[in-house]
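This note's numbering puts the first residue of the sequence shown at 1087, with every later residue one more than the last. C-beta atoms are modelled at their ideal positions from N, C-alpha and C, and glycine is treated no differently. Report on one structure; see the data block that follows.
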Amino acid sequence: MGSIYIASETADTVTVVFAGDRRVHDSEKIEEQWEFWPRTTQHCLSRGIRRVLVLNELVGPISSTYVRDFHTDLGRFGFDRELRYAMVVRDRRSRSVLSLGIALAKEGGWDIEIFDKESAARDWLARPFA
(Lines of atoms letter the chains of each structure in order from A and count residues from 1; the text may use other names and numbers.)
(Lines give C-alpha, C1' and ligand atoms only; values in the text may rest on other atoms or scores of the structure.)
Protein backbone atom coordinates (compact mmCIF):
# COMPACT_ATOMS: atom_id res chain seq x y z
CA MET A 1 0.00 0.00 0.00
CA GLY A 2 0.98 3.59 -0.47
CA SER A 3 2.17 5.82 2.29
CA ILE A 4 2.21 9.56 2.94
CA TYR A 5 4.83 11.13 5.16
CA ILE A 6 6.74 14.33 5.85
CA ALA A 7 10.16 13.70 4.33
CA SER A 8 11.88 16.95 5.26
CA GLU A 9 11.38 20.44 6.60
CA THR A 10 13.18 23.75 6.21
CA ALA A 11 12.40 27.12 7.76
CA ASP A 12 9.73 27.80 5.14
CA THR A 13 8.88 24.51 3.35
CA VAL A 14 7.61 21.08 4.31
CA THR A 15 8.23 18.31 1.79
CA VAL A 16 5.62 15.56 1.71
CA VAL A 17 6.09 12.26 -0.13
CA PHE A 18 3.35 10.00 -1.45
CA ALA A 19 5.04 6.67 -2.25
CA GLY A 20 4.19 3.08 -3.08
CA ASP A 21 1.11 1.59 -4.71
CA ARG A 22 -1.89 3.87 -5.15
CA ARG A 23 -4.89 2.75 -3.08
CA VAL A 24 -7.58 1.16 -5.19
CA HIS A 25 -10.75 2.31 -3.45
CA ASP A 26 -11.67 5.98 -3.25
CA SER A 27 -12.91 5.54 0.34
CA GLU A 28 -9.43 4.32 1.40
CA LYS A 29 -7.82 7.31 -0.30
CA ILE A 30 -10.18 9.76 1.37
CA GLU A 31 -9.60 8.20 4.80
CA GLU A 32 -5.85 8.42 4.31
CA GLN A 33 -6.09 12.10 3.30
CA TRP A 34 -8.34 12.94 6.28
CA GLU A 35 -5.80 11.40 8.62
CA PHE A 36 -2.74 13.06 7.10
CA TRP A 37 -3.55 16.62 5.98
CA PRO A 38 -5.06 18.13 9.16
CA ARG A 39 -1.96 17.07 11.16
CA THR A 40 0.42 18.31 8.48
CA THR A 41 -1.40 21.62 8.12
CA GLN A 42 -1.32 22.16 11.89
CA HIS A 43 2.38 21.25 11.90
CA CYS A 44 3.06 23.90 9.22
CA LEU A 45 0.94 26.61 10.81
CA SER A 46 2.44 26.07 14.27
CA ARG A 47 5.94 26.57 12.82
CA GLY A 48 5.10 29.47 10.51
CA ILE A 49 5.69 27.34 7.41
CA ARG A 50 3.60 28.43 4.41
CA ARG A 51 4.97 26.27 1.59
CA VAL A 52 4.26 22.58 0.99
CA LEU A 53 6.07 20.57 -1.67
CA VAL A 54 4.31 17.29 -2.49
CA LEU A 55 6.35 14.62 -4.29
CA ASN A 56 3.74 12.24 -5.68
CA GLU A 57 5.54 8.98 -6.47
CA LEU A 58 2.48 6.72 -6.29
CA VAL A 59 2.20 3.89 -8.79
CA GLY A 60 -1.00 2.53 -10.32
CA PRO A 61 -4.29 3.69 -11.78
CA ILE A 62 -5.77 6.98 -10.66
CA SER A 63 -9.47 7.79 -10.42
CA SER A 64 -10.56 11.01 -12.13
CA THR A 65 -13.72 10.97 -9.99
CA TYR A 66 -11.65 10.87 -6.80
CA VAL A 67 -9.35 13.61 -8.11
CA ARG A 68 -12.30 15.85 -8.97
CA ASP A 69 -14.08 15.31 -5.65
CA PHE A 70 -10.93 15.78 -3.58
CA HIS A 71 -9.66 18.94 -5.27
CA THR A 72 -13.01 20.74 -5.33
CA ASP A 73 -13.08 20.78 -1.52
CA LEU A 74 -9.51 20.80 -0.20
CA GLY A 75 -10.55 22.56 2.99
CA ARG A 76 -12.66 19.57 3.97
CA PHE A 77 -9.51 17.44 3.98
CA GLY A 78 -7.49 19.76 6.21
CA PHE A 79 -5.75 22.00 3.69
CA ASP A 80 -5.44 25.69 4.57
CA ARG A 81 -5.65 28.70 2.25
CA GLU A 82 -2.72 30.34 4.08
CA LEU A 83 -0.43 27.67 2.62
CA ARG A 84 0.96 27.34 -0.92
CA TYR A 85 1.07 23.83 -2.40
CA ALA A 86 3.22 22.54 -5.26
CA MET A 87 2.82 18.95 -6.45
CA VAL A 88 5.47 17.12 -8.48
CA VAL A 89 4.18 14.20 -10.53
CA ARG A 90 6.68 12.69 -12.95
CA ASP A 91 4.32 10.09 -14.44
CA ARG A 92 2.66 11.74 -17.44
CA ARG A 93 -0.68 9.90 -17.17
CA SER A 94 -1.08 10.59 -13.46
CA ARG A 95 -0.05 14.21 -13.95
CA SER A 96 -2.66 14.58 -16.70
CA VAL A 97 -5.46 13.34 -14.43
CA LEU A 98 -4.23 15.31 -11.41
CA SER A 99 -3.94 18.47 -13.53
CA LEU A 100 -7.73 18.52 -13.79
CA GLY A 101 -8.02 18.51 -10.00
CA ILE A 102 -5.38 21.20 -9.63
CA ALA A 103 -7.22 23.39 -12.16
CA LEU A 104 -10.44 22.97 -10.16
CA ALA A 105 -8.65 23.86 -6.93
CA LYS A 106 -7.11 26.96 -8.51
CA GLU A 107 -10.55 28.03 -9.74
CA GLY A 108 -11.66 27.68 -6.12
CA GLY A 109 -8.99 30.14 -5.00
CA TRP A 110 -6.28 27.76 -3.78
CA ASP A 111 -2.60 28.65 -4.23
CA ILE A 112 -1.65 25.35 -5.82
CA GLU A 113 0.18 24.13 -8.92
CA ILE A 114 1.41 20.89 -10.51
CA PHE A 115 4.82 20.20 -12.08
CA ASP A 116 6.81 17.42 -13.69
CA LYS A 117 10.13 18.58 -12.21
CA GLU A 118 11.00 19.28 -8.59
CA SER A 119 13.23 22.24 -9.47
CA ALA A 120 10.35 24.04 -11.21
CA ALA A 121 8.07 23.36 -8.24
CA ARG A 122 10.63 24.74 -5.79
CA ASP A 123 11.08 27.87 -7.93
CA TRP A 124 7.30 28.41 -8.01
CA LEU A 125 6.98 27.85 -4.26
CA ALA A 126 9.73 30.40 -3.57
CA ARG A 127 7.73 33.29 -5.05
CA PRO A 128 6.97 35.99 -2.49
CA PHE A 129 3.54 35.98 -0.90
CA ALA A 130 1.26 38.90 -1.71
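{"Check": "Rounded straight-line distance, which links the Cα of arginine 1137 to that of threonine 1101", "Outcome": "9 Å"}
{"Check": "Cα-Cα separation between threonine 1151 and leucine 1184, rounded to whole angstroms", "Outcome": "11 Å"}
{"Check": "Through-space distance from phenylalanine 1163 to tryptophan 1123, alpha-carbon basis", "Outcome": "6 Å"}
{"Check": "Under the three-state DSSP convention, the category leucine 1211 falls into", "Outcome": "helix"}
{"Check": "Three-state class that DSSP yields for leucine 1169 in the structure shown", "Outcome": "coil"}
{"Check": "Isoleucine 1198 - containing alpha helix (DSSP H), residue span", "Outcome": "Per DSSP, isoleucine 1198 belongs to no alpha helix (DSSP H); it is in the beta strand (DSSP E), 1198-1201."}
{"Check": "Cβ-based neighbour list, aspartate 1112, same chain, cut-off 8 Å, excluding 5 preceding and 5 following", "Outcome": "Its pLDDT being 47, under 50, aspartate 1112 is placed unreliably by the model, and the measurement read from it follows with that caveat. Closer than 8 Å at the Cβ level, and outside the excluded window around aspartate 1112, lie Ser1149, Thr1151, Tyr1152 and Asp1155."}
{"Check": "Residue interval of the beta strand (DSSP E) (run including leucine 1186)", "Outcome": "That residue, leucine 1186, is in no beta strand (DSSP E); its alpha helix (DSSP H) goes 1178-1193."}
{"Check": "Backbone CA spacing between alanine 1212 and aspartate 1107 [nearest angstrom]", "Outcome": "30 Å"}
{"Check": "Ranges of the beta strand (DSSP E) found wholly within the stretch 1088-1148, counting only runs of at least 3", "Outcome": "1089-1095, 1099-1107 and 1137-1145"}
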